[in-house]
Amino acid sequence: MKVVKKAEKQSRSSKVGFLMASSSAPRSFQRSLMERDTADQGIVTGLTMAMAYALGAITQDGLEMLADQLSKNGESSDHEANPDKSDRISLFLSAGAIGVGLATQYLFRQKKDESLAVASTRTGGHILARVGQAGLVSQALEAGAQKIAKGKNRRQSELVYSMIVPSGVIIAVLMDRLLYRDKTVNDDETNYGVNKLKSVGIGVGVVAFLGGLSFLERSTARIITNTVDKYSPRLNRSWLPIGHLASLGILTGGVLIGIKKLYGDIEGGAGKLEAYFTKRPTAKEVSGSKNSFVPWKSLSVQGRRHIGSRLKADQIAKTTGAKISQVKEPIRVYVGLDSAPSENERVQLALKELDRTNAYSRKQIVIISPTGTGYVNYVMSDSVEYMSLGDCAQVTIQYSKRPSPLSLDLRGEGHVQFRMLINGIRKKVQDMPASKRPKLVIFGESLGAWTSQDAFLFEGTDGFAANLIDKSLWIGTPAMSKWKDYALSNKTLNTDVEQIGVFDNYSEYEKLSKLERNKLKYFMITHYNDPVARFTTRLLVQSPDWLQEDTKRPPTIPSGTLFRVPGTFVQTLVDMKNALKPIPGQFVSTGHDYRGALAPFIRSVFEFDISDQQFETILTALKENDKNRGKKKL
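Here the sequence shown is numbered in the numbering used here, starting from 56 and rising by one per residue.
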């Protein structure tokens with residue numbers, strides 16, 4: 056009889072889960088930061104439904120356990136002994152969950168600079184209210200099915216499940232119209248021309264896959280529990296869910312082994328020699344040459360690309376129209392992750408390379424923190440070399456060989472290493488006469504922006520000034536950069552906020568007065584629709600300011616786009632995949648692609664004195680270089 060009770064509890068929880076999942080499906084089609092194709096929409100819908108199901112089923116399980124305890128009251132805990140009482144208690148708890156959930160959301164309504172605990176409490180209330188609503192609906196469906204089926208349990212169950220999906224969809228549509236009737240939502244705002252039927256099909260496939268993993272976990276747990284029960288029944292009667300802990304441990308171990316292999320494959324691939332860069336360079340001005348302290352093979356794919364694509368003096372002269380006597384051979388220093396075994400040794404190697412190439416005699420040294428793979432933006436590097444007529448040096452130290460999303464665990468090493476490099480360069484130039492001292496500028500893109508900013512965490516802008524940094528340019532700064540939040544908080548004495556500029560595009564900078572422009576030293580170029588700059592785990596529990604405040608809402612986000620749990624998190628996560636799809640030679644400024652904004656900002660930020668005609672010629676050359684690299688698939 057208790058087995059029946061357990062099955063009924065699981066059934067109620069699964070019904071609530073399915074209602075939550077089906078109600079989340081239509082909401083998953085709302086627009087987000089980037090356009091999605093049919094396959095991406097399917098992934099968004101599937102992941103959103105799976106997470107909604109899990110939230111609903113787990114929360115309902117908790118309510119059922121509470122109902123079970125209340126229904127005992129000294130009597131048998133068997134549902135069939137007093138089904139009416141158990142149903143009344145479940146009904147009462149579902150109604151109570153709605154009340155408690157709504158009250159929690161009201162008491163902990165969102166405020167600026169709220170803590171994560173407050174946001175999580177409010178979202179917990181939101182989920183509780185939704186589960187309570189789904190619980191009431193599921194009981195109503197059960198009651199209706201019972202009358203129709205006339206005691207036939209199997210038919211009753213089939214009727215309930217057949218009504219769950221349409222009920223969930225209807226509830227979602229009605230609730231949205233009731234709560235958000237002031238928002239104008241039309242078809243253009245809720246889809247990107249995707250095939251909704253195919254997207255739903257892909258979504259169901261994603262849910263089925265995740266359901267398969269869940270079934271595997273439960274089956275493994277059942278086998279382990281039965282084995283423990285057979286050979287050590289006293290152990291199995293403990294409060295610990297031994298079967299689930301062991302099965303989750305097995306699955307987690309398998310995932311970790313897979314991740315380790317993935318990391319190994321990626322890092323191994325980063326060391327391969329490409330056909331275009333098999334020969335070590337001969338120019339003494341670059342790392343990896345026969346004069347260099349850095350072995351060519353130790354630079355990894357991205358390092359060799361960066362060094363191998365350096366502009367030569369005759370190229371610069373031809374493009375800019377300058378005399379060859381006015382142009383210098385640019386310096387590019389790059390130290391790979393495999394060039395030395397520790398951060399300290401890699402920094403020392405970079406400093407030796409700067410000395411060897413006589414980099415401190417140049418007008419400008421660009422100190423670069425690369426992305427996770429070690430990539431340095433070609434457009435930035437070429438722009439600096441063209442506009443400076445080669446009178447520059449660029450220095451980069453790699454801290455990872457994996458893509459940025461897989462390198463988050465290495466960002467600590469990245470910003471420590473970057474700060475060590477800054478310290479070493481500052482010690483070298485601080486005693487030089489001001490007239491002969493090179494300008495020190497910082498460049499960071501994406502994860503490189505994060506690591507180079509957090510190298511000065513809690514130092515505001517004073518930290519850069521104390522280390523003789525003249526200017527900084529960051530593109531696509533991730534949302535989780537702590538220095539950015541600290542510096543822009545207007546609460547610190549070591550930060551001159553007037554020196555920091557945050558722009559979506561160059562025209563915003565041009566609109567500033569000359570006085571305002573002259574004050575700026577630290578530039579963050581962040582597109583309104585860049586999901587890398589918007590994504591954070593807080594999206595699981597907290598509505599971001601770009602959906603809360605109309606003044607901060609990106610122009611690409613229509614008014615009908617609302618904060619959803621867990622939909623906004625999933626949509627922004629998938630948006631990151633679509634944030635960077637560059638077409639070689641076609642410069643745009645959208646998502647995480649900043650090629651269209653780089654050249655004009657570099658000209659202004661790094662204060663290059665070139666004519667408009669030279670700038671246009673350089674821009675044409677930059678696009679041609681980009682197109683040629685695309686042909687080489689670099």
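All residues carry an ideal CB built from backbone N, CA and C; glycine is no exception.
Rounded distance between the beta-carbons of residue j and residue i, thought under 8 Å
{"i": "Leu-528", "j": "Phe-656", "result": "6 Å"}
{"i": "Glu-340", "j": "Ile-371", "result": "That pair is no contact at about 13 Å."}
{"i": "Arg-185", "j": "Met-75", "result": "6 Å"}
{"i": "Ala-521", "j": "Ile-257", "result": "Actually they do not touch by this definition, with Cβ atoms about 53 Å apart."}
{"i": "Asp-630", "j": "Ser-77", "result": "Not quite, the Cβ-Cβ distance comes to about 24 Å (not below 8 Å), so this is no contact."}
{"i": "Tyr-430", "j": "Gln-357", "result": "5 Å"}
{"i": "Leu-444", "j": "Lys-383", "result": "7 Å"}
{"i": "Gly-151", "j": "Phe-163", "result": "The Cβ separation is near 18 Å, so there is no contact."}
{"i": "Phe-519", "j": "Tyr-577", "result": "7 Å"}
{"i": "Leu-171", "j": "Arg-593", "result": "7 Å"}
Own chain partners of residue i with C-beta closer than 8 Å, once the 5 adjacent residues on each side are dropped
{"i": "Val-496", "result": "Gln-419, Ile-420, Val-421, Ile-422, Ile-524, Asp-525, Lys-526, Ser-527, Leu-528, Val-660, Phe-661"}
{"i": "Val-215", "result": "Lys-70, Ser-193, Leu-196, Glu-197, Ala-200"}
{"i": "Glu-119", "result": "Lys-64, Arg-67, Ser-68, Ser-145"}
{"i": "Ala-676", "result": "Thr-374, Asp-437, Tyr-441"}
{"i": "Tyr-541", "result": "Leu-512, Phe-513, Gly-515, Thr-547, Thr-550"}
{"i": "Ala-377", "result": "Ile-371, Leu-444"}
{"i": "Phe-147", "result": "none"}
{"i": "Arg-658", "result": "Ser-438, Met-442, Ile-665, Phe-670"}
Nearest to residue i (by Cα), restricted to the options the options
{"i": "Ser-254", "options": "Pro-460, Met-435, Leu-102", "result": "Leu-102"}
{"i": "Val-71", "options": "Asn-478, Gln-96, Asp-116", "result": "Asp-116"}
{"i": "Asp-437", "options": "Ser-364, Leu-409, Phe-578", "result": "Ser-364"}
{"i": "Ala-654", "options": "Gly-646, Pro-637, Thr-672, His-647", "result": "Thr-672"}
{"i": "Glu-90", "options": "Leu-628, Ser-536, Asn-346, Lys-686", "result": "Leu-628"}
{"i": "Lys-345", "options": "Gly-376, Arg-411, Leu-157", "result": "Arg-411"}
{"i": "Leu-409", "options": "Ala-395, Val-349, Glu-679, Ser-424", "result": "Val-349"}
{"i": "Gly-156", "options": "Asp-168, Glu-169, Leu-171, Gly-187", "result": "Gly-187"}
{"i": "Val-388", "options": "Gly-376, Ser-347, Ala-377", "result": "Ser-347"}
{"i": "Ile-98", "options": "Ser-83, Gln-449, Asp-142", "result": "Ser-83"}
{"i": "Gly-503", "options": "Val-620, Thr-426, Arg-417, Val-552", "result": "Thr-426"}
{"i": "Ser-353", "options": "Ser-666, Ile-379, Arg-401, Leu-366", "result": "Arg-401"}
{"i": "Arg-417", "options": "Leu-183, Ser-394, Pro-493", "result": "Pro-493"}
{"i": "Ala-112", "options": "Ser-149, Arg-360, Arg-335, Phe-73", "result": "Phe-73"}
{"i": "Lys-632", "options": "Pro-621, Gly-646, Gly-622", "result": "Gly-646"}
{"i": "Lys-482", "options": "Val-261, Val-557, Gln-403", "result": "Gln-403"}
Beta-carbon proximity check, residue i vs residue j, cutoff 8 Å
{"i": "Arg-466", "j": "Thr-428", "result": "no"}
{"i": "Ser-397", "j": "Ser-459", "result": "no"}
{"i": "Leu-602", "j": "Phe-624", "result": "no"}
{"i": "Ser-222", "j": "Gly-190", "result": "no"}
{"i": "Thr-374", "j": "Tyr-441", "result": "yes"}
{"i": "Asp-559", "j": "Ala-634", "result": "no"}
{"i": "Ala-405", "j": "Leu-476", "result": "yes"}
{"i": "Asp-681", "j": "Gly-640", "result": "yes"}
{"i": "Val-596", "j": "Ser-175", "result": "yes"}
{"i": "Lys-539", "j": "Met-487", "result": "no"}
{"i": "Ser-598", "j": "Gln-165", "result": "yes"}
{"i": "Ala-642", "j": "Lys-607", "result": "The sequence as given places Phe at residue 642; Ala does not occur at that position. Cβ atoms of Phe-642 and Lys-607: not closer than 8 Å."}
{"i": "Cys-447", "j": "Val-439", "result": "yes"}
{"i": "Ile-555", "j": "Tyr-649", "result": "no"}
{"i": "Gly-499", "j": "Ser-568", "result": "no"}
{"i": "Val-283", "j": "Ser-342", "result": "no"}
{"i": "Val-224", "j": "Pro-81", "result": "yes"}
Sequence-distant residues of its chain with Cβ nearer than 7 Å to residue i (five each side left out)
{"i": "Ala-534", "result": "Ala-588, Arg-589, Phe-590, Thr-591"}
{"i": "Leu-317", "result": "The predicted position of Leu-317 is uncertain, since its pLDDT is 48 and thus under 50; a value taken from the coordinates is nonetheless stated next. Excluding positions up to five away in sequence, the list is empty."}
{"i": "Leu-125", "result": "Ile-144"}
{"i": "Tyr-583", "result": "Asp-559, Pro-609, Pro-610, Thr-611"}
{"i": "Gln-626", "result": "Ser-87, Val-99"}
{"i": "Leu-229", "result": "none"}
{"i": "Lys-574", "result": "Glu-553, Gln-554"}
{"i": "Ile-362", "result": "Pro-336, Val-341, Ser-342, Gly-343, Leu-354, Arg-387, Tyr-389"}
Own chain partners of residue i with C-beta closer than 6 Å, once the 5 adjacent residues on each side are dropped
{"i": "Tyr-454", "result": "Leu-465, Glu-468, Gly-469, Gln-472"}
{"i": "Ser-79", "result": "Thr-103, Met-104, Ala-107"}
{"i": "Ser-536", "result": "Trp-505, Gln-508"}
{"i": "Gln-669", "result": "Thr-375"}
{"i": "Val-249", "result": "Thr-93, Gln-96"}
{"i": "Gln-160", "result": "Arg-177, Gly-180, His-181"}
{"i": "Pro-637", "result": "Asp-648"}
>> Just to confirm the assignment: which complete beta strand (DSSP E) runs, minimum length 3, are found wholly within the segment 536-600?
In response: As far as the segment 536-600 is concerned, its whole beta strand (DSSP E) runs of at least 3 residues are 555-558, 577-580.
> In chain order, which alpha helix (DSSP H) runs of at least 4 residues are fully inside the segment 430-481?
Replying inline: Runs found: 433-442.
> Considering only residues of the segment 109-194, which uninterrupted alpha helix (DSSP H) runs meet the minimum length of 4 residues and lie entirely inside it, listed in chain order?
Replying inline: DSSP runs (the alpha helix (DSSP H)) wholly in the segment 109-194: 138-162.
>> Ignoring anything shorter than 3 residues, give me the beta strand (DSSP E) runs that lie fully in the segment 636-660, in order along the chain.
In response: Within the segment 636-660, no complete beta strand (DSSP E) run reaches 3 residues.
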